[in-house]
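Engineer:
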Amino acid sequence: VPLRRIIRQPGPALEKYCNLQWAATAMLLQALQQFNARSTGARIIILGYAFMILILINIYIAVLASQLTVNSINTNINGISDLVNKPVGIFVVGGQ
Numbered sequence: 001v002p003l004r005r006i007i008r009q010p011g012p013a014l015e016k017y018c019n020l021q022w023a024a025t026a027m028l029l030q031a032l033q034q035f036n037a038r039s040t041g042a043r044i045i046i047l048g049y050a051f052m053i054l055i056l057i058n059i060y061i062a063v064l065a066s067q068l069t070v071n072s073i074n075t076n077i078n079g080i081s082d083l084v085n086k087p088v089g090i091f092v093v094g095g096q
């Protein structure tokens with residue numbers, strides 16, 4: 001496409017660029033492929049929806065990981081007598 005024609009009539013080239021950008025974003029997120037939005041407003045709404053879903057999935061994964069971590073840390077130590085024959089770490093401050 002000649003540069004002079006793009007400068008004189010940016011509409012078709014800009015539309016092709018916007019469609020290419022939309023397709024690249026859809027491939028990146030892999031969630032927008034089912035939507036066939038033509039207007040800019042619809043694309044903004046769909047991108048907002050995809051971003052919200054992305055945040056919700058990450059929150060779910062973070063909560064699940066923290067729950068699994070807390071459940072695996074349970075040590076069942078209730079007193080000094082429970083520490084017999086168990087490995088115990090000692091933290092020394094300043095070489096004391």
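With the first letter of the sequence shown counted as 1, position 4 gets the number 4 in full-length UniProt numbering; the numbers rise by one all the way through. Note that CB positions come from ideal geometry on N, CA and C, so glycine has one too.
What is the C-beta distance between A37 and R43, in whole angstroms, given that I count them as a contact (C-beta under 8 Å)?
Structural biologist: Translated into the one-based positions of the sequence shown, residue 37 becomes position 37. Translated into the one-based positions of the sequence shown, residue 43 becomes position 43. About 5 Å separates the two Cβ atoms, so the contact holds.
Engineer: When the Cα of L47 is compared with those of T25, K16, I61 and L83, which residue comes out closest?
Structural biologist: Start at 1 with the first residue of the sequence shown, and residue 47 comes out as number 47. Here the closest residue by C-alpha is T25.
Engineer: Once DSSP output is grouped into helix, strand and coil, what is the label at S66?
Structural biologist: Sequence index remark: in the sequence shown, residue 66 carries index 66 (1-based). Three-state DSSP puts S66 in a helix.
Engineer: Quick check: L83 and I77, are their CB atoms within less than 9 Å of each other?
Structural biologist: In the sequence shown, counting from the first residue as 1, residue 83 sits at position 83. In the sequence shown, counting from the first residue as 1, residue 77 sits at position 77. Yes. Within cutoff.
Engineer: What does a CB cutoff of less than 8 Å around K86 pick up in its chain, not counting 5 residues either side in sequence?
Structural biologist: Taking the first residue of the sequence shown as 1, we reach residue 86 at position 86. Cβ neighbours of K86 beyond the five flanking positions: I77.
Engineer: Do you know offhand how far I17's Cα is from V63's?
Structural biologist: Here residue 17 corresponds to residue number 17 of the sequence shown, with the count starting at 1. Here residue 63 corresponds to residue number 63 of the sequence shown, with the count starting at 1. Per the sequence shown, residue 17 should be read as Tyr rather than Ile. Cα-Cα distance, rounded: 39 Å.
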